[in-house]
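Visitor: Here's a structure for you.
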Amino acid sequence: MNAIAKVTPERALVAEASAQVVRAEVMVRGLRVEADIGVHDHEIGQRQRLDIDVVLEVSPVLVDQLGETIDYNQIVVHAQSLAGERIGLIETFARRLALACLEHAVVLAAEVAVEKPAALREALAGARVVVARVAPAMGRNV
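In numbering that gives the first Met the number 0, the protein residues as written are 0 to 141.
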């Protein structure tokens with residue numbers, strides 16, 4: 000019978016020497032906030048539930064320290080802060096949350112999905128926004 004070898008720090012170093020992290024992500028899923036959101040007369044001034052999923056592509060963590068990545072709590076704080084503002088469209092909410100996450104240097108791209116459960120009786124309404132850090136143009140003459 001083949002036993003599964005315990006992953007020790009030494010074994011991890013050997014594996015790391017022959018591998019490369021091709022993508023690293025930090026996620027917050029199922030975040031619920033109450034926001035004054037909507038463009039219809041009956042929505043204005045009424046707080047509505049939003050369900051939010053955030054997936055951030057981040058620089059690979061090379062040192063086992065929180066300062067090397069983004070803290071999940073920061074994502075929650077950004078979402079709660081936006082929920083305290085009056086915003087018309089969930090697309091705007093998603094874009095602004097994605098851009099707030101992109102302000103953190105380790106975040107390379109942000110995907111934010113926002114669902115508004117009370118918007119439709121027949122289905123679930125939502126919006127998804129993906130933003131990515133763009134490298135500045137090099138050597139271009141304008």
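Beta carbons: idealized from backbone N, C-alpha and C, even for Gly.
Give the list of continuous beta strand (DSSP E) stretches no shorter than 3 residues that lie fully inside the stretch 79-132.
Guide: Runs of the beta strand (DSSP E) inside the stretch 79-132: 106-115, 124-131.
Visitor: Tell me the residue span of the beta strand (DSSP E) that contains ASP50.
Guide: Position 51 of the sequence shown holds residue 50. Where ASP50 is concerned, the enclosing beta strand (DSSP E) stretches over 46-57.
Visitor: With DSSP collapsed to three states, give me the class of ILE69.
Guide: Translated into positions along the sequence shown, residue 69 becomes position 70. Residue state, collapsed to three classes: coil.
Visitor: Buried or exposed, going by whether 16 or more other CB atoms sit within 10 Å of the CB of HIS39?
Guide: On the sequence shown, position 40 is the one that residue 39 refers to. Exposed, by the Cβ-count rule.
Visitor: Closer than 7 Å by C-beta to ALA134: which residues in its own chain qualify, once you throw out the five before and the five after it? Chain order, please.
Guide: Within the sequence shown, numbered from 1, the residue matching residue 134 stands at position 135. Closer than 7 Å at the Cβ level, and outside the excluded window around ALA134, lies no residue.
Visitor: Please state the DSSP three-state secondary structure of VAL75.
Guide: Position 76 of the sequence shown, counted from the start, is the residue given in the question as residue 75. Here VAL75 sits in helix by DSSP.
Visitor: Three or more C-beta pairs under 8 Å: does that hold for the stretch 117-129 against the stretch 57-77?
Guide: No, because fewer than three Cβ pairs between the stretch 117-129 and the stretch 57-77 fall closer than 8 Å, the two stretches do not touch.
Visitor: Would you say the beta carbon of LEU98 is closer than 6 Å to some non-hydrogen atom of the ligand FMN?
Guide: As for the ligand FMN, it is missing from this structure, which has no ligand bound.
Visitor: Sort GLN47, ILE36, VAL25, GLY29 by Cα distance to GLU90 and report the nearest one.
Guide: One-based indexing of the sequence shown puts residue 90 at position 91. GLU90 has its Cα closest to that of ILE36, out of GLN47, ILE36, VAL25, GLY29.
Visitor: Less than 7 Å between the C-beta atoms of VAL105 and SER58, yes or no?
Guide: As a first step, residue 105 must be located in the sequence shown, where it is residue number 106. As a first step, residue 58 must be located in the sequence shown, where it is residue number 59. Yes, Cβ-Cβ distance for VAL105 and SER58 is below 7 Å.
Visitor: Pull up the distance between the alpha-carbon of ALA18 and that of GLU56, whole angstroms please.
Guide: Translated into positions along the sequence shown, residue 18 becomes position 19. Translated into positions along the sequence shown, residue 56 becomes position 57. Spanning the two alpha carbons is a distance of roughly 19 Å.
Visitor: Any idea if ILE86 is buried or exposed, counting beta-carbon neighbours within 10 angstroms, 16 or more meaning buried?
Guide: The residue given as residue 86 occupies position 87 in the sequence shown. Looking at its Cβ environment, which holds 16 or more other Cβ atoms inside 10 Å, ILE86 is buried.
Visitor: Given this structure, state the Cα-to-Cα distance separating VAL27 from VAL53, to the nearest angstrom.
Guide: In the sequence shown, counting from the first residue as 1, residue 27 sits at position 28. In the sequence shown, counting from the first residue as 1, residue 53 sits at position 54. Whole-angstrom Cα-Cα distance: 5 Å.
Visitor: Tell me the DSSP secondary structure of GLU42 in three-state form.
Guide: Your numbering for residue 42 matches position 43 in the sequence shown. Three-state result, GLU42: coil.
Visitor: So, with DSSP's three-state summary, where would you put ASP63?
Guide: Looking up residue 63 in the sequence shown gives position 64. Of the three classes helix, strand and coil, the one that applies to ASP63 here is coil, per DSSP.
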